[in-house]
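In what follows, a structure is listed as C-alpha cells, so that the remarks can point back to it.
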Ligand code: ADP
Ligand code: MG
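Residue numbers (this note's numbering): 52 to 604.
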C-alpha cells in the first residue's frame, strides 16, 4: 500500500526478505548442505573432517557435535540445526551426527513433497504423527538389559566409540574398561535397578606426552600443578587437607599509599610486620591440624617457607572447578579466610603425592573420604590425539549414563531405523490421504541411515536396503549392516552392535523437531549485515589472542 504514492517502509534499508515457499526452500537447501557434510562421517567407517578455525588451529575428528561446533555456519537455518545438534550433545552426548543427517534427509524428502504441491502444513502434520508412532515402535522393539553385566556395558561402549580414532583395538578396549570402571565407581545404585551419575563426576585430565596406552584411571583427584616449594614433603599420608580460595599473601592496598621510610630499622619493621601476618596464617593452618594446603590463589614466598618448615605440602593456583571437586571428594569445605578455618573444614585423603608425569609434575590425591571420586589421566603425543581420546571417553561415559538411567538397548547398524520405517509404512496406509505421503517420506528418511552406513563400506546402498527390507519382512527385526565386516546380518545384537534406547529416542526426536522448526518458517527477514561491527570485533579478538600468555604460572 502506498500513501499518496509514497511507499511505506517498515524495514530498514538493505534488509533482505524471503517469503513463503522460497523461504522454506532456501532453508531446506542450507540444512541439507550441512547434513551432506556430516553424512560421510557416520559410523565406524566414517571419514574424518579437518577443521581450520580463523586462527589457523586445526581439529581432526568425525565427531558430529565437534564438527558442527567448529564449523562457522552462516545461514540462519543451518545455524538452527547446529543449535539443535548442540542440544542433543548436551542432553545425551551421542547420536549427533545421526540427528543432523536425519534432519537433513527429512527436509530433503519434504522438498520432494513440496514439488508435488503438497502444502507444508500437511507435511508438518504427517511428520508429527510419524514421530509419535516412531517413538512408540522404538519403545516396543527396545530390549531390556542388565546393567550389572559388564559384558553388556562393554558392547554398548565399544559401539559408541567405534567411530572415533583411538588407535586400534587394544586402546579402545583399554579406554572402554576404564570408562566402565569409572562409571560403576561414581554411580549410585538405585532400588529400581538403575544407576545414576553425572558425566562431570569423572574428571578427565589431559597431559601431553607418552603413549595413549599410558592413560590411567585414578581413584581420586589429579591436579595439574606441582608442590610449590622444594622444602615441602612430596608425599603425605593420612592427609588433612585445607581447601582455600583466598591467597596466602598480605593484601596490598588498593590505593598507592606513600610511606616515608627514614631509617633502615623502619624497613625491617615493615617487612617484619608482613612476615608476622603470614606466619600467623601458617600457624593457624598448622594449629587446626592441616598437613596439606590446596589454594586457589597465590602463596607468598615467605608463607611457602613457613609452610615448608611445618612439613605442610602446599599447592597454589588450583582451578576453581578442581577445588570444588576436591570439596566433594575429600569431604572438606572451601574456606575463604584462613582466620575462619576450623578442624571440621579439613578434607581427608589417604595419600597426597606429587608424581612425575612425562616432563611435568602433578599432584595425586588418592583414597579420598568419598570413594566416588575418580580421574582419568589421558596421555597422548599431541593435543589432537588428547582431544579425540577425551571425546571418546565422554561418549563412553554418556552412553553408560544413558543405559544406567534406562536399562534398555536398541540394535545398531541401521537395524532399528529400518524396522521403524517398515512399521511406519503400515501405519501410513492406515492414516491415508496426503498425510500418508508425508509419513512414507518420514520412513524413507529413516532408511537413509542404513544406506549411508552401507555406502561407508563401499557396498551398493540400494542393494543393502533391499536385502534388509526382505529380512525385516521375514521378522528379523534386528537385521542390519555390520560395517566392520561389511556384511548384512540377521541380528545386530549378536554382532555386539548395540546402543542405549535413550540415545536413539533423543536422536529421532531432535532430528524431527529440527526439521519441523525449519519447515515452519515461511518468512526470513534478514537485516543487512553490520559489517563494520563484526570486523571490529574480529580484530579485537585477534588482538586479545596474541596477548594471551603462552603458559600460566
Ligand atoms: P553419532 O554422532 O550419530 O553417534 P557415529 O559416528 O557415532 O555417529 O555413528 C553411529 C552409528 O554407527 C549408529 O547408527 C551405530 O549403530 C552405527 N554403528 C556403530 N558401530 C557399528 C558397526 N560395527 N556396524 C554398523 N554400524 C555401527
Ligand atoms: Mg556416536
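For glycine and all other residues, C-beta sits at the position ideal for the given N, C-alpha and C. Since the structure is predicted, the reported quantities are computational estimates derived from the model, not experimental observations.
Given 8 angstroms, three or more beta-carbon pairs between the stretch 468-477 and the stretch 225-242 = No, because fewer than three Cβ pairs between the stretch 468-477 and the stretch 225-242 fall closer than 8 angstroms, the two stretches do not touch.
6 angstroms CB neighbourhood of residue 300 in its chain, flanking five on each side removed = 349 and 351, listed in sequence order.
When DSSP labels each residue in this structure, what does residue 604 get in the three-state scheme?
-> Bear in mind that a pLDDT of 39 at residue 604, under 50, signals an unreliable position, so the model cannot answer this.
Quick one: residues with CB closer than 7 angstroms to any heavy atom of the ligand MG, in chain order, please.
-> The set, ordered by position in the chain, is 145, 146, 148, 211, 214 and 446.
List in chain order: all unbroken alpha helix (DSSP H) runs of 4+ residues lying wholly within the stretch 361-416.
-> Qualifying alpha helix (DSSP H) stretches, in chain order: 371-381.
Would you give the residue range spanned by the alpha helix (DSSP H) that residue 167 belongs to?
-> First-last for residue 167: undefined, no H or E at that position.
Run the CB neighbour count on residue 81, radius 10 Å, all protein chains shown included, and call it buried at 16 or more, exposed below.
-> It is buried - the Cβ of residue 81 has at least 16 other Cβ atoms within 10 Å.
Whose C-alpha, out of 323, 230 and 447, is nearest the C-alpha of residue 215?
-> Of 323, 230 and 447, the residue nearest in Cα terms is 447.
First and last residue of the uninterrupted alpha helix (DSSP H) at residue 546 = Element bounds for residue 546: n/a, residue is neither H nor E.
Rounded C-alpha distance that separates residue 327 from residue 440 = CA-CA distance, residue 327 to residue 440, rounds to 49 angstroms.
With DSSP run on the structure shown, which of helix, strand or coil describes residue 120?
-> In the displayed model, residue 120 falls within a helix according to three-state DSSP.
Range covered by the alpha helix (DSSP H) that runs through residue 255 = No alpha helix (DSSP H) holds residue 255; the beta strand (DSSP E) holding it covers 253-259.
The ligand ADP heavy atoms versus the CB of residue 95: any closer than 6 angstroms?
-> Relative to the ligand ADP, the beta carbon of residue 95 is positioned inside 6 angstroms of a heavy atom.
Roughly how many whole angstroms lie between the Cα atoms of residue 253 and residue 442?
-> If you draw a straight line from the Cα of residue 253 to the Cα of residue 442, it is about 13 angstroms long.
For residue 535, name the three-state secondary structure that DSSP assigns.
-> DSSP places residue 535 in coil when its eight states are reduced to three.
What are the uninterrupted segments assigned as alpha helix (DSSP H) that are 4 or more residues long and contained completely in the stretch 85-143, given in chain order?
-> With a minimum length of 4 residues, the continuous alpha helix (DSSP H) runs that stay inside the stretch 85-143 are 115-121 and 127-142.
Note down the Cα distance separating residue 386 from residue 200, rounded to an integer number of angstroms.
-> Straight-line Cα distance between these residues: approximately 42 angstroms.
The beta strand (DSSP E) enclosing residue 264, as first and last residue numbers = From DSSP, residue 264 is part of no beta strand (DSSP E); its letter is neither H nor E.
CB-CB under 8 angstroms to residue 513, same chain, minus the five flanking residues each way: which ones, in chain order?
-> The residues are 502.
Indicate whether the contact test is met: 3 or more Cβ pairs, each with one atom in the stretch 58-72 and one in the stretch 505-512, closer than 8 angstroms.
-> Short answer: they don't touch.
The ligand ADP heavy atoms versus the CB of residue 175: any closer than 6 angstroms?
-> Because no heavy atom of the ligand ADP lies under 6 angstroms away, the Cβ of residue 175 does not count as near it: no.
Entirely enclosed alpha helix (DSSP H) segments - the stretch 317-364, minimum 4 residues = You should have 352-360.
So, using beta-carbon positions, are residue 414 and residue 366 closer together than 7 angstroms?
-> Between residue 414 and residue 366, the gap from beta carbon to beta carbon is short of 7 angstroms.
What three-state label does DSSP hand residue 441 in the structure shown?
-> In the structure shown, residue 441 sits in a helix (DSSP, three-state: H, G or I).
Apply the 10 Å Cβ neighbour rule to residue 64 and answer buried if 16 or more other Cβ atoms are within range, or exposed otherwise.
-> With fewer than 16 other Cβ atoms within 10 Å, it is exposed.
Does the ligand ADP have a heavy atom nearer than 6 angstroms to the CB of residue 453?
-> No, the ligand ADP has no heavy atom inside 6 angstroms of this Cβ.
Should residue 536 be labelled buried (16 or more other beta-carbon atoms within 10 Å of its own) or exposed?
-> Burial call: exposed.
Looking at the unbroken beta strand (DSSP E) that takes in residue 459, where does it start and where does it end?
-> For residue 459, the enclosing beta strand (DSSP E) starts and ends at 459-462.
Three or more C-beta pairs closer than 8 angstroms, one from the stretch 139-154 and one from the stretch 171-189: is that the case here?
-> Touching, no.
Any idea which residues DSSP pairs residue 269 with across the strands?
-> Paired residues: 426.
From the DSSP output, in three-state form, read off residue 530 for me.
-> Look at residue 530 here: in three-state DSSP terms it is coil, with no helix or strand label.
Any heavy atom of the ligand ADP closer than 6 angstroms to the Cβ of residue 282?
-> Residue 282 has its Cβ no nearer than 6 angstroms to any heavy atom of the ligand ADP.
Spatial neighbours of residue 86 in its chain, beta-carbon cut-off 6 angstroms, leaving aside the 5 residues before and after | The answer, listed in chain order, is 151, 152 and 155.
Inter-stretch contact (C-beta, 8 angstroms, three-pair minimum) for the stretch 450-464 and the stretch 276-294 = Contact between the stretch 450-464 and the stretch 276-294 is absent, because fewer than three Cβ pairs lie under 8 angstroms.
For residue 517, count neighbouring C-beta atoms within 10 Å of its own C-beta (all shown protein chains included) and say buried if the count is 16 or more, exposed if not.
-> The residue is exposed, with fewer than 16 neighbouring Cβ atoms inside 10 Å.
DSSP three-state call for residue 289: helix, strand or coil?
-> Strand.
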